[in-house]
Each structure stands twice: as C-alpha cells, then as structure tokens.
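> Residue numbers for the sequence shown follow numbering that gives the first Met the number 0, so the first one is 0 and each next one is one higher. Shown below is the structure under consideration.
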Amino acid sequence: MQIMTTVKQKTKDAFRGSRALFYLINTTYWNGIFGPFFSFVFPIIFITILGNMLGYDQILGGSLIVPSMSVAMCSMPQAIFEFKKSSLLKRIGVTPIKPSLFLFISSLYYFVAMFISIFWCILFSMLIFGINYWDSGKEIFSIASSTKIYAMNFKDTLNNVNWFGFIWGQTFSIIIGISIGIFLVSIGRSTISIQTTGISILITSMFLAVTVIPLGLVREEEGFWYAGYVLSPFKGASNMVLESWYGNFKGIDSSTQTMMFEKSNIFNFDQNFTFINIKNPTTQLIVLKKAEKIVSMFSVFLWIALFSGLAIWKFKWNVR
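If you want it as structure tokens, here you go:
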C-alpha cells in the first residue's frame with residue numbers, strides 16, 4: 000500500500016501544473032495566426048484547388064497528410080521556440096513544473112490538434128466533393144466518344160477506406176512531424192531559421208511523399224518515387240495512408256463504367272498495393288510490393304528514433 004501511495008504521489012508531482020500549461024499553450028495557439036491557419040486553412044486550400052483540378056479520386060488521399068506536416072513543420076516549432084527564448088522556461092525551472100513536462104504537454108496538444116485538422120479536412124472535402132459526387136462518381140476520362148469512365152462515388156470512397164490503417168499511418172506521420180519540429184527548435188537560433196528549414200522540409204515532402212501530385216503519375220517516375228525514401232521522412236507514413244485510403248484498383252465495372260477498388264491491408268505484406276495505370280487507365284499499376292511495404296512500415300520508427308534522439312541531444316532549456 001505504501002509503495003502504491005508513493006507511486007501515485009510521484010505521478011501526481013510529475014504532472015503537477017499540466018492543466019495550467021495546457022491552458023497556456025491553448026491560449027497561445029488561438030491568439031496567434033499560424034496555429035489556426037496551418038491547421039484549418041492551409042490544407043483545405045490544396046484540397047479545394049487540386050481536388051477540383053485533378054479530381055478527388057486522384058489527390059484527396061495524399062492531401063490528407065498535409066495537415067500534420069504543415070502544423071508540425073511551421074506552427075508548432077515557432078510556438079515552442081517563442082516559449083523557449085522567453086523567460087518562461089527559466090522561471091519554470093524554479094517551480095514544481097518540470098521543463099520536460101512543458102515539452103510533453105506541447106507535443107500532446109499539437110498531436111491532438113493535428114488529428115482534429117485531419118478530420119476537419121475530411122469533413123470539408125465531404126462538403127466540397129460529396130454534394131456533387133456522393134452517389135455518382137466524377138467522369139474522369141473517355142475511352143471512346145461513347146464510352147465514359149467514372150471515378151468511384153464519394154460515399155463508396157469513404158466506405159472503401161481502411162480506417163485503422165489510415166489512422167495508423169497518420170499517427171506515425173504526426174509523431175515524425177513532432178520529432179522533427181522539436182529537433183528544429185533544438186538547433187534553431189532564430190524564428191526565421193526555423194521557419195525556413197521547416198518550410199523547406201514541408202515543400203519537399205509535399206512532392207516526394209505524394210501529397211499534392213497524383214499517385215499514379217509519381218509512381219511512373221521511379222527516380223522521383225524512390226528519392227522520397229531518402230529525402231522525405233514522411234514517405235513511409237505517406238505510403239501507409241495512401242494505401243489505406245485508396246485501396247486496390249480492380250478494374251472497370253462493365254455495367255456502370257465505374258472504377259472499382261477494394262480495401263487494402265497495410266499489414267498484409269503479401270498483398271500488393273495497386274492503383275490506376277496513368278498510361279493505360281484500364282489496367283493496374285503496382286505501387287507497393289512486399290519489400291516496399293515492409294520498408295514503409297519500419298522506416299517510420301527509424302525516422303522517429305533519429306530525430307527524437309537528436310532533439311534530446313541538442314535541446315537546451317536555457318534561454319539563448
């Protein structure tokens with residue numbers, strides 16, 4: 000009993016002040032422009048423009064990775080750095096609140112904020128595309144003047160998503176983003192340097208992680224595709240999200256001339272991930288085979304370990 004009491008007391012002491020920290024971070028988040036903008040405005044700009052230009056069937060799955068990347072690379076590092084360079088953390092050091100608790104609460108807050116942003120984008124896309132294409136898909140191309148091919152309707156698109164795999168991939172995308180964001184704060188000496196580095200990673204990953212370009216188009220360019228594994232930490236998580244969202248392309252329904260997909264399982268390494276072949280839209284394009292699915296699954300742990308380790312090594316609590 001005494002041991003249990005001691006453990007409970009230590010746990011209580013460790014998280015003392017967490018509610019006040021949460022309130023402080025939340026107030027700062029909503030009082031600034033970067034938090035709400037990169038969470039709720041920036042992603043839907045891409046979804047609206049690219050979705051109407053290229054089609055929700057080609058771009059939406061990848062665009063749903065943008066919220067976690069944009070928040071983690073832009074708004075979160077800047078907010079933490081502003082706290083870090085102020086006298087707040089120095090004062091926290093002489094209170095029962097541990098500086099590490101501040102970092103933990105900040106990470107937890109932005110973790111939740113990113114997930115809210117993702118599902119906000121899904122709801123927004125339902126408003127933009129679901130109204131017109133809920134029961135009948137968008138016409139995407141014609142084989143002949145009398146033969147039109149349609150995308151899967153929006154309702155079936157949502158039903159076809161492997162939501163567990165989607166959330167799994169998004170979770171790792173968020174954790175990787177938080178690890179990189181804290182690392183940027185640990186090495187950054189000014190807000191401008193952090194913003195520049197964060198935006199560079201964001202823009203690079205938006206292309207190499209296939210968030211703003213149709214999946215089939217990128218997969219055809221093998222040099223561009225494989226460069227993502229080296230140059231974008233989000234590539235592995237992106238692959239899992241894309242496979243879970245789109246599912247496997249099975250061909251064209253001859254009666255309705257609608258593209259058919261089936262749910263895919265990111266944990267089944269023996270099942271290839273197939274998509275629409277841009278050069279021949281009636282045939283399959285193999286996006287991920289067994290080896291790449293394994294690399295995607297385990298590379299996320301390597302990126303998290305790398306940036307978390309560097310952040311812990313480099314992070315200094317003293318005011319610069």
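A virtual CB, placed ideally from N, CA and C, is assigned to each residue, including glycine.
#1: Within the chosen definition, does the region 39-51 reach the region 106-125 through at least 3 CB pairs nearer than 8 Å?
#2: Going by Cα to Cα distance, which pick from ASN25, THR282, SER253, GLN283 is closest to THR146?
#3: Locate the alpha helix (DSSP H) running through PHE306, then write down its first and last residues.
#4: Using 10 angstroms around the beta-carbon of ARG188, count the other beta-carbons present and answer buried if the total reaches 16, otherwise exposed.
#5: Are the region 71-79 and the region 126-136 touching by the rule of at least three beta carbon pairs closer than 8 Å?
#6: CA-CA distance, MET258 and VAL217?
#7: Any idea which residues DSSP pairs ASN51 with across the strands?
#8: Pair every Cβ in the region 170-189 with every Cβ in the region 267-279, then say whether three or more of these pairs are closer than 8 Å.
#9: Hey, would you say VAL209 sits closer than 9 Å to LEU241, going by beta carbons?
#10: Please report the distance separating the alpha-carbon of LYS315 from that of GLN57.
#11: Under 7 Å Cβ to Cβ from PRO66, same chain only, skipping five residues before and after it: list those, please.
#12: Whether or not the region 230-249 and the region 188-208 are in contact is what I'm after, with contact meaning three or more pairs of Cβ atoms, one per stretch, closer than 8 Å; do they touch?
#13: Rounded to a whole number of angstroms, what is the C-alpha to C-alpha distance between ASN238 and SER298?
#14: Let me make sure I understand the geometry here. Which of LEU49, ILE265, GLY34, ASP155 has the alpha-carbon closest to that of PHE165?
#15: Ends of the beta strand (DSSP E) at PHE324?
#16: May I ask you to list the residues that DSSP assigns as paired with PHE272?
#17: Between which two residues does the beta strand (DSSP E) containing PHE266 stretch?
#18: Hey, would you say PHE260 sits closer than 9 Å to PHE272, going by beta carbons?
#19: Looking at C-alpha atoms only, which residue of ASN152, VAL111, ILE139, PHE140 is the closest neighbour of ASN131?
#20: Hey, how far is the Cα of VAL229 from the Cα of SER295?
#21: Report the residue from LEU100, ILE24, GLN270, LEU305 whose alpha carbon sits nearest the alpha carbon of GLU291.
#22: Can VAL307 and ILE181 be called in contact, C-beta distance under 9 Å?
#23: Which runs of the beta strand (DSSP E) at least 3 residues long sit entirely within the region 124-196? Give them in chain order.
#24: Looking at the structure shown, is PHE233 part of a helix, part of a strand, or coil, going by DSSP?
Looking at the coordinates:
#1: yes
#2: SER253
#3: 289-313
#4: exposed
#5: no
#6: 20 Å
#7: None, per the DSSP bridge assignment.
#8: Fewer than three Cβ pairs drawn from the region 170-189 and the region 267-279 lie within less than 8 Å of each other, which leaves the two stretches out of contact.
#9: yes
#10: 44 Å
#11: SER38, PRO42, MET113, SER116, ILE117, CYS120
#12: Enough Cβ pairs lie closer than 8 Å, so yes.
#13: 11 Å
#14: ILE265
#15: The question about residue 324 has no answer, for the chain in this structure spans 0 to 319.
#16: LEU287
#17: Careful: PHE266 lies outside any beta strand (DSSP E) and carries neither H nor E.
#18: no
#19: ASN152
#20: 12 Å
#21: GLN270
#22: The identity of residue 307 in the sequence shown is Ser, whereas the question assumes Val. Yes, Cβ-Cβ distance for SER307 and ILE181 is below 9 Å.
#23: Scanning the region 124-196 from its first residue to its last, the whole beta strand (DSSP E) runs of 3-plus residues come out as 138-143, 146-149.
#24: In the structure shown, PHE233 falls within a coil segment according to DSSP collapsed to helix, strand and coil.
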